[in-house]
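Participant: Each residue of the sequence shown is one higher than the last, beginning at 87 in this note's numbering.
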Amino acid sequence: MPSPALARKRPYSAKKRRAQLLEKRAIKRGDISPPQPVKADKHKVWAGHAAPSDSQAREAARRLQSAFVKLDKRFLQDSMEMAAVLHLERPVPDEVAILRAEPLVEAQLTRKLTCPARPEWRYDMSKQQLEENEEVVFQKWLDQADDIVHEWCNPFEVHPSDDETRSPAMPRAPTVFERNLEVWRQLWRVSEISQIILVLLDSRCPLLHFPPSLVAYLSASHEANRTRTILVLTKVDIIGPTRADEWTRSLQAKYPGMPVVRVEAYAEADQTTDQGKGKTHAHQPHIPLQFKESLVQALRDMHAELLEPPQRPEGSIFLQRRSVVRKSVSWDAVLHAQGEQVGTVVGGASASSLHGAEGTESEPEYLTVGLIGQPNVGKSSLLNALFGINKVQASHTPGKNEFADETFPNAVLDTGSPAR
Numbered sequence: 087m088p089s090p091a092l093a094r095k096r097p098y099s100a101k102k103r104r105a106q107l108l109e110k111r112a113i114k115r116g117d118i119s120p121p122q123p124v125k126a127d128k129h130k131v132w133a134g135h136a137a138p139s140d141s142q143a144r145e146a147a148r149r150l151q152s153a154f155v156k157l158d159k160r161f162l163q164d165s166m167e168m169a170a171v172l173h174l175e176r177p178v179p180d181e182v183a184i185l186r187a188e189p190l191v192e193a194q195l196t197r198k199l200t201c202p203a204r205p206e207w208r209y210d211m212s213k214q215q216l217e218e219n220e221e222v223v224f225q226k227w228l229d230q231a232d233d234i235v236h237e238w239c240n241p242f243e244v245h246p247s248d249d250e251t252r253s254p255a256m257p258r259a260p261t262v263f264e265r266n267l268e269v270w271r272q273l274w275r276v277s278e279i280s281q282i283i284l285v286l287l288d289s290r291c292p293l294l295h296f297p298p299s300l301v302a303y304l305s306a307s308h309e310a311n312r313t314r315t316i317l318v319l320t321k322v323d324i325i326g327p328t329r330a331d332e333w334t335r336s337l338q339a340k341y342p343g344m345p346v347v348r349v350e351a352y353a354e355a356d357q358t359t360d361q362g363k364g365k366t367h368a369h370q371p372h373i374p375l376q377f378k379e380s381l382v383q384a385l386r387d388m389h390a391e392l393l394e395p396p397q398r399p400e401g402s403i404f405l406q407r408r409s410v411v412r413k414s415v416s417w418d419a420v421l422h423a424q425g426e427q428v429g430t431v432v433g434g435a436s437a438s439s440l441h442g443a444e445g446t447e448s449e450p451e452y453l454t455v456g457l458i459g460q461p462n463v464g465k466s467s468l469l470n471a472l473f474g475i476n477k478v479q480a481s482h483t484p485g486k487n488e489f490a491d492e493t494f495p496n497a498v499l500d501t502g503s504p505a506r
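1. Let me check understanding here. Comparing Cα to Cα, which of Glu-221, Ser-299 and Arg-386 lies closest to Ala-419?
2. For Gly-433, name the three-state secondary structure that DSSP assigns.
3. Let's test the definition: count the other Cβ atoms within 10 Å of the Cβ of Phe-473 and tell me whether it reaches 16, buried, or not, exposed.
4. Any idea what DSSP makes of Tyr-352, helix, strand or coil?
5. For Gly-464, count the other beta carbons within 10 Å of its own beta carbon; 16 or more makes it buried, fewer makes it exposed. Which is it?
6. Whose C-beta lies closer than 8 Å to the C-beta of Ala-100 among residues of the same chain, with five residues either side of it excluded?
7. Quick test of your reading: Pro-345 and Ala-384, contact by CB under 8 Å. State the CB separation rounded to the nearest angstrom.
8. Does Ile-373 pass the burial test, meaning 16 or more other C-beta atoms within 10 Å, or should it be called exposed?
9. What residue range does the alpha helix (DSSP H) around Leu-216 cover?
10. Of the residues Ala-259, Phe-377 and Leu-453, which one's Cα is nearest the Cα of Lys-413?
11. Determine the contact status of Ser-289 and Lys-321, defining contact as a CB-CB distance below 7 Å.
12. Are the stretch 291 to 306 and the stretch 196 to 204 in contact at 8 Å, needing three or more beta carbon pairs?
13. Under three-state DSSP, which class holds Thr-334?
14. Considering only the beta carbon of each residue, do Tyr-303 and Cys-201 sit closer than 7 Å?
15. At the level of alpha carbons, what is the spacing between Met-166 and Phe-154?
16. Tell me which residues share the same chain as Trp-274 and place their Cβ nearer than 7 Å to its Cβ, disregarding the 5 neighbours each side in the sequence.
17. Going along the chain, which residues of its own chain have a beta-carbon closer than 6 Å to the beta-carbon of Ala-443, five neighbours each way excluded?
18. Distance, Cα to Cα, Gln-214 vs Val-223?
19. Measuring only the C-alpha atoms, how far is Gly-459 from Glu-332?
20. For the beta strand (DSSP E) that contains Arg-314, what are its first and last residues?
21. For Leu-468 and Val-349, which I take to be in contact (beta-carbon distance under 8 Å), what is that distance rounded to the nearest angstrom?
22. Over the uninterrupted beta strand (DSSP E) stretch that includes Leu-468, give me the two end residues.
23. Going by DSSP in three states, Val-346 sits in which element: helix, strand or coil?
24. Check whether the stretch 223 to 232 and the stretch 257 to 275 are in contact - that is, three or more C-beta pairs closer than 8 Å.
25. Grab me the residues of Gly-326's own chain with a C-beta within less than 8 Å of its C-beta, minus the 5 sequence neighbours each way, in chain order.
26. Sort out for me which residues DSSP pairs Asp-210 with in a bridge.
27. Let me know if Ser-119 comes out buried or exposed under the rule of 16 or more other beta-carbons within 10 Å of its beta-carbon.
28. Who does His-372 pair with in a DSSP beta bridge?
29. Identify which residue in Phe-242, Leu-185 and Arg-271 has its Cα closest to the Cα of Glu-221.
30. Please return the same chain residues whose Cβ sits closer than 6 Å to the Cβ of Trp-207, not counting the five positions on each side in sequence.
31. Using three-state DSSP, classify Asp-158 as helix, strand or coil.
32. Considering just the uninterrupted stretch of the alpha helix (DSSP H) at Val-182, what are its terminal residues?
33. Quick test of your reading: Gln-370 and Ala-351, contact by CB under 8 Å. State the CB separation rounded to the nearest angstrom.
34. Cα-Cα, which of Pro-292, Asn-311, Ser-307 and Ile-316 is closest to Arg-329?
35. Report the rounded CA-to-CA distance for Arg-104 versus Ala-112, giving the unit in angstroms.
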């Protein structure tokens, strides 16, 4: 809240200005006491500042801010000491400089670190009951994850006999994962609402944005015949076609059940804009036709898989759950839609549902496609490129879209940035 001194100045007449100067001189001489400072009105809204009615929106945004583990002082001190003692081999050995195909950590450890699953819920449960159950389950998962990370970071506490024979080495840093329940709730809602999920991966290092825990989380939904997953390599114009081809082949071999498509989200505009010194080329949302065709074809194939009748798993007497999905989709219209024909943006992930009021399953009105990914992988930029215009906020700064947004009528759901 600005002070009154920062408010707009009011014009004074010559008579008032002279009286003000005389008063200041009298105060300086000590003839009169200075006036009491004016307290700012907490309820007054100054020009150019947000009104108190926006406090709920600001509080909601703060609740969705990511939270990560803080490094303790001992780790920071040990790292500083070892950095001054350890000798760095130059040139860097190939076994360190080249990314290995095998996991960087033990497979047993990666299986322990999982994404938290949303607890079972019913339509007759109140909001308070649902949130309390989620808080209990999430806290249990968080405690288990902290124990696993602590055990990995401190192996000599678990095996003290190896402490005497170990050589000086840099201490293990704790892994960074999301600790805010509100962020995970966004992922839960979107994965439940969507029939097809697009996982956006920055093509400069896709494996960094697709951890084994997220793979297992999405695979469980795939095996239950609820959703299908498509991997989307973004920003391929940065790495070039050769590297994009190699990453595509690598991801297809590693995840055979997930199609891999490549996209670009911007094209250079015709005009240039003056910004201070020199000229800067402007960019506008645009996806090349060949990339859009491959994306729509992948969506079409996944939609066809969801429409196939369920099969009985080997060794089971029960059929798989039939996926509830819209049967007819005009894919040609989706491919050739432009601008306002693509749809409009509305808010709230709770608007769409695969169930009726009493939880009875029925054919949904839309085919819902959810976009998930870490911050700055290009979720909002891809949506704008599909629209051909700026429909959602996109910026170099992560976290512009924190809550789930929906776009209709082709039902593309943007999650914000829940997956980390």
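C-beta: ideal position from N, C-alpha, C; glycine also.
Facilitator: Looking at the atomic coordinates:
1. For the purposes of this step, residue 419 is taken as residue 333 along the sequence shown, with counting starting at 1. Selected option, being the one with the closest Cα: Arg-386.
2. Numbered from its first residue, the sequence shown carries residue 433 at position 347. Bear in mind that a pLDDT of 42 at Gly-433, under 50, signals an unreliable position, so the number given afterwards is only what the model happens to contain. Correct three-state label for Gly-433: strand.
3. For the purposes of this step, residue 473 is taken as residue 387 along the sequence shown, with counting starting at 1. Per the 10 Å Cβ criterion, buried.
4. The residue given as residue 352 occupies position 266 in the sequence shown. Here Tyr-352 sits in strand by DSSP.
5. One-based indexing of the sequence shown puts residue 464 at position 378. Buried is the call here.
6. Here residue 100 refers to the residue found at position 14 when the sequence shown is read from its first residue. No residues qualify anywhere along the chain.
7. By 1-based counting over the sequence shown, the position of residue 345 is 259. By 1-based counting over the sequence shown, the position of residue 384 is 298. Contact holds; Cβ gap of about 4 Å.
8. For the purposes of this step, residue 373 is taken as residue 287 along the sequence shown, with counting starting at 1. By the neighbour-count rule (16 or more Cβ atoms within 10 Å), Ile-373 is buried.
9. For this step, residue 216 is matched to residue 130 along the sequence shown. Here the alpha helix (DSSP H) through Leu-216 covers 213 to 239.
10. Stepping through the sequence shown from its first residue, residue 413 is reached at position 327. For the residues Ala-259, Phe-377 and Leu-453, the minimum Cα distance to Lys-413 belongs to Leu-453.
11. On the sequence shown, position 203 is the one that residue 289 refers to. On the sequence shown, position 235 is the one that residue 321 refers to. In this structure, Lys-321 lies closer than 7 Å to Ser-289 by Cβ.
12. yes
13. As a working note, residue 334 is residue 248 in the sequence shown. Looking at Thr-334 - three-state DSSP - the assignment turns out to be helix.
14. The residue you call residue 303 lines up with position 217 of the sequence shown. The residue you call residue 201 lines up with position 115 of the sequence shown. Yes, these two residues count as a Cβ contact at 7 Å.
15. Residue 166 sits at position 80 when you count from the first residue of the sequence shown. Residue 154 sits at position 68 when you count from the first residue of the sequence shown. Taking the straight line from one Cα to the other gives about 21 Å.
16. Taking the sequence shown and counting its residues from 1, the one referred to as residue 274 is at position 188. Cβ within range, chain order: Arg-204.
17. Numbered from its first residue, the sequence shown carries residue 443 at position 357. At Ala-443 the pLDDT is 47, less than 50, meaning the model places this residue with poor confidence and gives no usable figure here.
18. The residue given as residue 214 occupies position 128 in the sequence shown. The residue given as residue 223 occupies position 137 in the sequence shown. Cα-Cα distance, rounded: 14 Å.
19. Within the sequence shown, the letter at position 373 stands for residue 459. Within the sequence shown, the letter at position 246 stands for residue 332. Distance between the alpha carbons of Gly-459 and Glu-332: 21 Å.
20. Within the sequence shown, numbered from 1, the residue matching residue 314 stands at position 228. Where Arg-314 is concerned, the enclosing beta strand (DSSP E) stretches over 314 to 320.
21. The residue given as residue 468 occupies position 382 in the sequence shown. The residue given as residue 349 occupies position 263 in the sequence shown. That belief holds up - the Cβ atoms of Leu-468 and Val-349 are roughly 6 Å apart, short of 8 Å.
22. Along the sequence shown, read from residue 1 onward, the residue named residue 468 stands at position 382. It is not in any beta strand (DSSP E) - Leu-468 instead sits in the alpha helix (DSSP H) that spans 465 to 473.
23. On the sequence shown, position 260 is the one that residue 346 refers to. DSSP places Val-346 in strand when its eight states are reduced to three.
24. Touching, yes, given that three or more Cβ pairs across the two stretches are closer than 8 Å.
25. The residue given as residue 326 occupies position 240 in the sequence shown. If we look at Gly-326 and ignore the five residues flanking it on each side, it has no Cβ neighbours.
26. Counting from 1 along the sequence shown, the entry for residue 210 is found at position 124. Paired residue(s): none; Asp-210 is not in a bridge.
27. Reading the sequence shown from its first residue, position 33 is the one you call residue 119. So Ser-119 ends up on the exposed side.
28. Taking the sequence shown and counting its residues from 1, one reaches residue 372 at position 286. None; His-372 has no bridge partner.
29. If you number the sequence shown from 1, residue 221 lands on position 135. Glu-221 has its Cα closest to that of Arg-271, out of Phe-242, Leu-185 and Arg-271.
30. Locating residue 207 in the sequence shown gives position 121, counting from the first residue. Correct list, in chain order: Leu-216.
31. The residue you call residue 158 lines up with position 72 of the sequence shown. Looking at Asp-158 - three-state DSSP - the assignment turns out to be coil, as it is neither helix nor strand.
32. Within the sequence shown, the letter at position 96 stands for residue 182. Note, Val-182: alpha helix (DSSP H), 180 to 183.
33. By one-based count along the sequence shown, residue 370 stands at place 284. By one-based count along the sequence shown, residue 351 stands at place 265. At roughly 10 Å, the Cβ-Cβ gap does not stay under 8 Å, so Gln-370 and Ala-351 are not in contact.
34. Mapped onto the sequence shown, residue 329 falls at position 243. Among Pro-292, Asn-311, Ser-307 and Ile-316, the Cα nearest to that of Arg-329 is on Pro-292.
35. By one-based count along the sequence shown, residue 104 stands at place 18. By one-based count along the sequence shown, residue 112 stands at place 26. When rounded, the separation of the alpha-carbon atoms in Arg-104 and Ala-112 is 12 Å.
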